[in-house]
Amino acid sequence: MTLEDFVLGGQWVFLAYFVGINLGYLMQNVVAAIGIRKYLETANQFEAESAFSALDIPISIVVPAYNESASIITSVKALLQLEYPQYELVVVNDGSTDDTLQKLIDAFDMRQFPEAYRGRLQSAEVRNLYRSTKIRNLRVVDKVNGGSKADASNAGINACRYPLVCVVDADGVLQPDSLHRVVRPFLEDPTTVAVGGTVRIANGCTVRQGFLEKVGLPRNFLALVQVVEYLRAFLFGRMGWSPINGLLIISGAFGLFHKETLVEVGGYNPEAVGEDMELVLRLHRIMKEKKRPYRITFVPDPVCWTDAPENLRDLKGQRVRWQHGLGQALMLNKSLIGNREGGAVSWVAVPFYVLFELFGPIVEVAGYFFIILCASMGWLSWPEAGIFLGLAIGLGVLLSTSAIMLEELSFHMFPRTSQLVTLYAVAILENFGFRQLTAFWRLQGLIRWLRGGKHKWETITRSASVVD
Amino acid sequence: MDWLFRSEFDAITTIALWSIAAVVVTTVVLFVYTLGLRYVTVVSARRRRAFLGNWRDVFSAAALSTEAARRQELPRLRRVDRLDLLEEWSRARSVVDGSAADNLNILAVRAGIPELAAGLFEQRRVQSQIMAVQTFGYLRDASHYGAIAALVESPSTALSITAATSLVEIDPARGVALVVPMIAARRDWPRNRVSILLREAGTDIVSEPMYRTIRSANNKDKTYLLQFARLIESEVRDALVEELIRETNDAAVLTAALKLVSGYRGVPRIASLTQHKAWYVRMQAAKVLGRIGQQEHLAILESLLDDPEWWVRYRAAQSIASLPFLGPNELRRLQGRQTDPFAVDILQQSFAEVGLA
Chain A
11 MTLEDFVLGG QWVFLAYFVG INLGYLMQNV VAAIGIRKYL ETANQFEAES AFSALDIPIS
71 IVVPAYNESA SIITSVKALL QLEYPQYELV VVNDGSTDDT LQKLIDAFDM RQFPEAYRGR
131 LQSAEVRNLY RSTKIRNLRV VDKVNGGSKA DASNAGINAC RYPLVCVVDA DGVLQPDSLH
191 RVVRPFLEDP TTVAVGGTVR IANGCTVRQG FLEKVGLPRN FLALVQVVEY LRAFLFGRMG
251 WSPINGLLII SGAFGLFHKE TLVEVGGYNP EAVGEDMELV LRLHRIMKEK KRPYRITFVP
311 DPVCWTDAPE NLRDLKGQRV RWQHGLGQAL MLNKSLIGNR EGGAVSWVAV PFYVLFELFG
371 PIVEVAGYFF IILCASMGWL SWPEAGIFLG LAIGLGVLLS TSAIMLEELS FHMFPRTSQL
431 VTLYAVAILE NFGFRQLTAF WRLQGLIRWL RGGKHKWETI TRSASVVD
Chain B
10 MDWLFRSEFD AITTIALWSI AAVVVTTVVL FVYTLGLRYV TVVSARRRRA FLGNWRDVFS
70 AAALSTEAAR RQELPRLRRV DRLDLLEEWS RARSVVDGSA ADNLNILAVR AGIPELAAGL
130 FEQRRVQSQI MAVQTFGYLR DASHYGAIAA LVESPSTALS ITAATSLVEI DPARGVALVV
190 PMIAARRDWP RNRVSILLRE AGTDIVSEPM YRTIRSANNK DKTYLLQFAR LIESEVRDAL
250 VEELIRETND AAVLTAALKL VSGYRGVPRI ASLTQHKAWY VRMQAAKVLG RIGQQEHLAI
310 LESLLDDPEW WVRYRAAQSI ASLPFLGPNE LRRLQGRQTD PFAVDILQQS FAEVGLA
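Chains A and B are the protein sequences, given in the same order. Numbering of the first sequence is given in this note's numbering, commencing with residue 11 and proceeding in unit increments. Numbering of the second sequence is given in this note's numbering, commencing with residue 10 and proceeding in unit increments.
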């Protein structure tokens, strides 16, 4: 094969990838738009009564915390004010080296309690269990550091008493009515095993006493781009998969699970880098193996606000980790691919993720080198290259525009028109530099997965404007 | 730009070129549409604020006084405000009861709300029909009863449950007789809304149809329906629960029925269920024995302390700790004679929970 043959063949590969990924995203967009419209039609009907219901299912909230001394008290106080009739809070101190535990003990008058703890899920050793003498529904599990959020979450789940378990990030900012919103699929369909909700970027927002007071946009460009990214990822990326029961990710920042099913599948995998995605894939796999009817659902309501990295180092770390986690999670559950009875998960969602999300960076980065190669050899037709570059950018902007429109149609969280215009500007600008950079980082993540790298707890700097 | 208009591009590039045009046009349309949406939202919010400023006091006065509902002057209603009026009236009506509800219904007739709802009812949009059906329910307007009854069968969850609720509001006895037998088949109806509907109808009206429906249902439906049995009269419920516990060996039905036990009926049968093969039946039976608390059940509960299932041990220990005839000293003696480490652990936790640690 000559270099010319390689180039000629290569351009067909790139074209097929380009058409495939964009058709996939456009389809998701259409499905998501229909899904959101349908959801909103009934949302108000269900909302009004739920506050008065005694039938809402009790929920255990698990808050894994590692060195969260600065924010843990505010977070716990906010979580204790959620609007829900019956829930308990299980904070897991994962062997923090700061005074996270002592702060909890002092603030809530925690006392050691001889609880018959059941280690149904694997985790590092639990040292003590504490119960608050002030607040009936607050307990703390103090354990030896297990090196991962998954390990801490498992210990928390072991201590839970209610049928539904909600795992949240200690530094996440929840909407006060978030539990009401995510519990709805469990009330509507008893086969529901897991529900995720929309996570938004907290950078630029004002947070008071652990609750979001004012929605704003960050000044930092990297964070701003991530606002648009998250809109795309949640409003059509996840909403597009949910109606066909093909949702593969429920964000680790906020997810609600049926506890017994969670225990049955073995809880979080402490070895997984992307423990949230790995868990959802495993739920799909095991439910299918057991031939059990089940639903994994997504609600588009914003339920949680989280901090996004504002510097290149943190952002790179996050993207490398996400890609590493994606590869590992797909590999650990590879039997889902092509499973004859796997339905949309096996035949649509997982293949799409493998082709376009996992191996996408290889094609993207190879594409950049391919262009450079062709240009240097004088084989590049600049007009044609310009047309395809324009189309790629145009489609990217179109997808972002559509996500912003879905946001405006549904939740219009950004109150000022100037904020909308800023988001549009960012949707265009992100194509020049940011997109290429993330493709390189994702490729690094892919390589790290192939080489079998390890992962530990990671933290990023809090960037929301916190008013205590 | 001349190169862009040259004619010798191959087919794929030409398609790409046209795709760019389509993408740009679609993006611009979406952008303008989004800004338009924002404009409409801002204008609607402003209009709504003005509307509420005029009508909020009218609703409040009417809810508090029949005289005000009948005689107070109503603000001029613009055509664009009609849906807001219906929404706001429904919101106000949903939170009141008794004479305040009657007063708001009087006001509704004066403001032309029945006609507005009838107009919406004719529309095919599900959302409009939901609003109309809800309004007929609040107004207790029986003129559309037949049409609303047909909507209970609607595949739309929101529309069918709203129709069911309205039927019960319009004519509780007739509505409950129609709706209760449908509950098991309509699993898509949110359980909280079903429970509100039944509660609003009243235990006296719900008891008999619910009893008959549960008695004639299959095991799966019985289990589902039993969660609503809390909303029936206690004598009917106790009889129903006793019959079910005596007659069935189905673990799911037994569990659901045991959760409803409140009296002393059928205690020997309940005690025998502590040996049931399903752990969740054993657990519920242990819980009931703790609640009814008789001396002869202590040995049964003690035997459950080394049950292989944690929840059974936990409930048995909690039940022992709550037995009224056991004082702290007896409880400590009981703990002291346990040899199984599981039993010791679980008693320690349960005693600590009631402050005996």
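Every residue gets a Cβ at the ideal spot worked out from N, C-alpha and C, and that includes glycine.
Between which two residues does the beta strand (DSSP E) holding residue i run?
i                     : result
residue 180 (chain B) : Careful: residue 180 (chain B) lies outside any beta strand (DSSP E) and carries neither H nor E.
residue 221 (chain A) : 221-224
residue 149 (chain A) : 148-153
residue 142 (chain A) : 136-142
residue 217 (chain A) : 216-218
residue 195 (chain B) : Here residue 195 (chain B) belongs to no beta strand (DSSP E), and DSSP marks it neither H nor E.
residue 265 (chain A) : 264-268
Rounded to whole angstroms, what's the CA-CA distance from residue i to residue j? Just pull it up for me.
i                     : j                     : result
residue 302 (chain A) : residue 25 (chain B)  : 45 Å
residue 174 (chain A) : residue 337 (chain A) : 29 Å
residue 316 (chain A) : residue 423 (chain A) : 15 Å
residue 259 (chain B) : residue 275 (chain A) : 26 Å
residue 163 (chain B) : residue 169 (chain B) : 5 Å
residue 172 (chain B) : residue 165 (chain B) : 11 Å
residue 397 (chain A) : residue 29 (chain A)  : 14 Å
residue 426 (chain A) : residue 44 (chain B)  : 11 Å
residue 328 (chain B) : residue 313 (chain B) : 11 Å
residue 46 (chain B)  : residue 267 (chain B) : 54 Å
residue 40 (chain A)  : residue 181 (chain A) : 33 Å
residue 416 (chain A) : residue 291 (chain A) : 27 Å
residue 340 (chain A) : residue 31 (chain A)  : 18 Å
residue 391 (chain A) : residue 450 (chain A) : 25 Å
residue 26 (chain A)  : residue 133 (chain B) : 43 Å
residue 494 (chain A) : residue 32 (chain B)  : Examination of residue 494 (chain A) is not possible in this model, given that chain A is present from 11 through 478 alone.
residue 63 (chain A)  : residue 336 (chain B) : In this predicted model, residue 63 (chain A) has a pLDDT of only 49, less than 50, meaning its place in the structure is not dependable; the value taken from the coordinates is given anyway. Computed Cα separation, rounded: 37 Å.
residue 122 (chain A) : residue 462 (chain A) : 40 Å
residue 60 (chain A)  : residue 240 (chain B) : Residue confidence is low: residue 60 (chain A) scores 45 on pLDDT, short of 50, so the model does not pin down where it sits. No coordinate-derived value is stated.
Between residue i and the ligand ATP, is the CB less than 7 Å from at least one heavy atom?
i                     : result
residue 267 (chain B) : The model depicted lacks the ligand ATP and carries no ligand whatsoever.
For the alpha helix (DSSP H) containing residue i, list its first residue and its last residue.
i                     : result
residue 319 (chain A) : Neither: residue 319 (chain A) is in no alpha helix (DSSP H) and is coded neither H nor E.
residue 23 (chain B)  : 20-73
residue 288 (chain A) : 285-299
residue 1 (chain A)   : Any question about residue 1 (chain A) goes unanswered here, given that chain A covers just 11 to 478.
residue 323 (chain B) : 319-331
residue 200 (chain A) : Per DSSP, residue 200 (chain A) belongs to no alpha helix (DSSP H) and is neither H nor E.
residue 79 (chain A)  : Unbroken run through residue 79 (chain A): none, as it is neither H nor E.
residue 11 (chain A)  : Here residue 11 (chain A) belongs to no alpha helix (DSSP H), and DSSP marks it neither H nor E.
Can you tell me the Cβ-Cβ gap for residue i and residue j, rounded? I've got them flagged as a contact below 8 Å.
i                     : j                     : result
residue 136 (chain A) : residue 150 (chain A) : Not really, about 11 Å apart at Cβ, beyond 8 Å.
residue 208 (chain B) : residue 197 (chain A) : About 16 Å separates the two Cβ atoms, so there is no contact after all.
residue 172 (chain A) : residue 258 (chain A) : Not a contact, Cβ separation roughly 26 Å.
residue 82 (chain A)  : residue 110 (chain A) : 5 Å
residue 175 (chain B) : residue 192 (chain B) : Actually they are not in contact, since the Cβ atoms of residue 175 (chain B) and residue 192 (chain B) sit about 16 Å apart, beyond 8 Å.
residue 283 (chain B) : residue 265 (chain B) : Rounded, the Cβ-Cβ distance is 17 Å, inconsistent with contact.
residue 99 (chain B)  : residue 36 (chain B)  : That belief does not hold up - the Cβ atoms of residue 99 (chain B) and residue 36 (chain B) are roughly 39 Å apart, past 8 Å.
residue 373 (chain A) : residue 454 (chain A) : No, residue 373 (chain A) and residue 454 (chain A) are not in contact; Cβ-Cβ is about 15 Å, not under 8 Å.
Going by alpha carbons, who is nearest to residue i out of the options?
i                     : options                       : result
residue 205 (chain A) : A:143, A:212, A:248 and A:220 : A:248
residue 209 (chain A) : A:231, A:265, A:221 and A:86  : A:265
residue 448 (chain A) : A:178, A:371 and A:182        : A:371
residue 274 (chain B) : B:287, B:250 and B:281        : B:250
residue 322 (chain A) : A:355, A:271, A:231 and A:401 : A:231
residue 298 (chain A) : A:283, A:309 and A:256        : A:256
residue 17 (chain A)  : A:445, A:411 and A:377        : A:377
Going along the chain, which residues of the region 409-421 of chain A sit with their C-beta nearer than 8 Å to a C-beta in chain B?
411, 412, 414, 415, 418 and 419
Using a beta-carbon distance cut-off of less than 8 Å, what residues from the region 19-44 of chain B approach chain A?
21, 22, 25, 26, 28, 29, 32, 33, 35, 36, 39, 40, 42, 43 and 44
Chain-ordered residues of the region 221-238 of chain B with a beta carbon less than 7 Å from chain A:
none
Report the residues of the region 120-150 of chain A with a CB closer than 7 Å to any CB of chain B, ordered along the chain.
123, 124, 125, 126 and 128
Taking only beta carbons into account, state which residues of the region 368-396 of chain A come closer than 9 Å to chain B, listed in chain order.
391, 392, 393, 394 and 396
Report the residues of the region 198-209 of chain B with a CB closer than 9 Å to any CB of chain A, ordered along the chain.
198, 199, 200, 201, 202, 203, 204 and 205
In chain order, what residues of the region 426-446 of chain A put their CB closer than 7 Å to some CB of chain B?
427, 430 and 434
Relative to chain B, which residues along the region 166-199 of chain A have a C-beta separation below 9 Å, given in chain order?
Listed by position, the residues of the region 166-199 of chain A near chain B (Cβ gap below 9 Å) are 194, 197, 198 and 199.
What are the residues in the region 281-295 of chain B lying within 8 Å of chain A by C-beta distance?
none
When you check each C-beta in the region 322-338 of chain B against every C-beta of chain A, which residues fall closer than 9 Å?
Listed by position, the residues of the region 322-338 of chain B near chain A (Cβ gap below 9 Å) are 322, 323 and 326.
Give me the subset of the region 96-118 of chain B whose CB atoms are less than 7 Å from a CB atom of chain A, sorted by chain position.
103
Against chain B, which members of the region 261-293 of chain A pass a CB distance test of less than 7 Å?
Of all residues in the region 261-293 of chain A, none has a Cβ within less than 7 Å of some Cβ in chain B.
Compile a chain-ordered list of the residues in the region 309-322 of chain B whose CB is closer than 7 Å to at least one CB of chain A.
319
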